[in-house]
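Its first residue numbered 786, the sequence shown is counted upward by one per residue in the working numbering.
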Amino acid sequence: MNDNLYEIFHNVYEYKDKDTNNHFLLTENLAPGNKVYDEKLIRIQNREFRTWNPFKSKLAAAIKCNLKHFAFCENSIVLYLGAATGTTASHISDICRRGMVYCVEFSSYAMQSLVSVCEKRTNMIPILADARKVEEYLAIGKVDIIYQDVAQPDQIRILKINSQAFLKSGGIAYLCLKARSVDVRKSNSRIFKEATQELEKDFEILEKIDISRYEKDHMFYVLRYG
Ligand SMILES: C[S@@+](CC[C@H](N)C(=O)[O-])C[C@H]1O[C@@H](n2cnc3c(N)ncnc32)[C@H](O)[C@@H]1O
786 MNDNLYEIFH NVYEYKDKDT NNHFLLTENL APGNKVYDEK LIRIQNREFR TWNPFKSKLA
846 AAIKCNLKHF AFCENSIVLY LGAATGTTAS HISDICRRGM VYCVEFSSYA MQSLVSVCEK
906 RTNMIPILAD ARKVEEYLAI GKVDIIYQDV AQPDQIRILK INSQAFLKSG GIAYLCLKAR
966 SVDVRKSNSR IFKEATQELE KDFEILEKID ISRYEKDHMF YVLRYG
């Protein structure tokens, strides 16, 4: 493979541009020729890669901030809560190429763009639903991974009910916790402390990564269920 391209996790690459000396995170495009947001498409040895922007994706931000537990594999079945227009979900689709990414989103406006992203990918399914109403998408069955980014006051409760309904025992949950959405009157450190205590009741906390350098007021949790 190209000297400047290193696989740092399964299907996730770091690329050093020789001309500019800039480092990029990349995933290989599962839908060649198509962009999802304003990422760049780069051809390396006949393969097309997409740049992955840590200022637009909290999973990329966590990787930049030294994430250690990367559970996404070729065949992973992923439930993505708060998929918006598919920015991060599409990179997960590039990674879990023979798996499935179920994308739950309750905004019908975001859903319009999400549907056109999913149409170009064989492993992404859009679900227009409120992540508080698991009964509306029970048909998906059990999943290996839950990725949640909903920025709601009850975001921990949402993760718990979805884990109970869908996450395999020993499965991994990635939670992007936005302090300002929980309670604007409390300090971030107090919110993260209380959130950690609440999460510990149901999960083993594998990592707690401060990603505020890329996304203000956010903590990125990696959790093992059951
Ligand atoms: C911060 S954005 C997600 C960005 C996205 N995860 C990404 O990285 O590409 C949060 C999204 O969660 C959605 N959302 C918030 N609460 C939700 C809920 N209860 N059920 C489903 N979607 C929800 C919002 O509509 C919004 O699109």
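Glycine included, every Cβ here is placed at the ideal spot set by N, Cα and C.
Next item on the list: Could you tell me whether any non-hydrogen atom of ligand 1 is closer than 7 Å to the CB of V900?
Entry: Because no heavy atom of ligand 1 lies under 7 Å away, the Cβ of V900 does not count as near it: no.
Notebook entry, point to check: Does the separation of the CB atoms of N908 and C888 fall below 8 Å?
Noted result: Judged by beta-carbon spacing, C888 lies beyond the 8 Å limit of N908, meaning their Cβ atoms are not closer than that value.
Check: Looking at T836 and ligand 1, is the gap between the Cβ and the nearest heavy atom below 7 Å?
Finding: No - ligand 1 has no heavy atom lying nearer than 7 Å to the Cβ of T836.
Item checked: Helix, strand or coil at V821 according to DSSP, with G and I counted as helix -> Of the three classes helix, strand and coil, the one that applies to V821 here is coil, per DSSP.
Note to self: Could you pull the DSSP bridge partners for P911 from this structure?
What the structure shows: Answer is C888, bridged to P911.
Check: Is the stretch 820 to 828 close to the stretch 836 to 846, with three or more CB pairs under 8 Å?
Finding: Segments in contact, yes.
Margin query: Short of 6 Å in beta carbon distance, which residues of its chain neighbour F834, apart from the five on each side in sequence? Order them along the chain.
Written below: Cβ within range, chain order: L811, E813 and I827.
Item checked: Secondary structure of K841, DSSP reduced to three states -> In this structure, K841 counts as coil in the three-state DSSP scheme.
Check: Taking 7 Å as the line, does the beta carbon of F857 fall inside it for any heavy atom of ligand 1?
Finding: The answer is no for F857.
Notebook entry, point to check: K927 to N860, Cα distance in whole Å?
Noted result: Near 14 Å, if we compare the C-alpha coordinates of N860 and K927.
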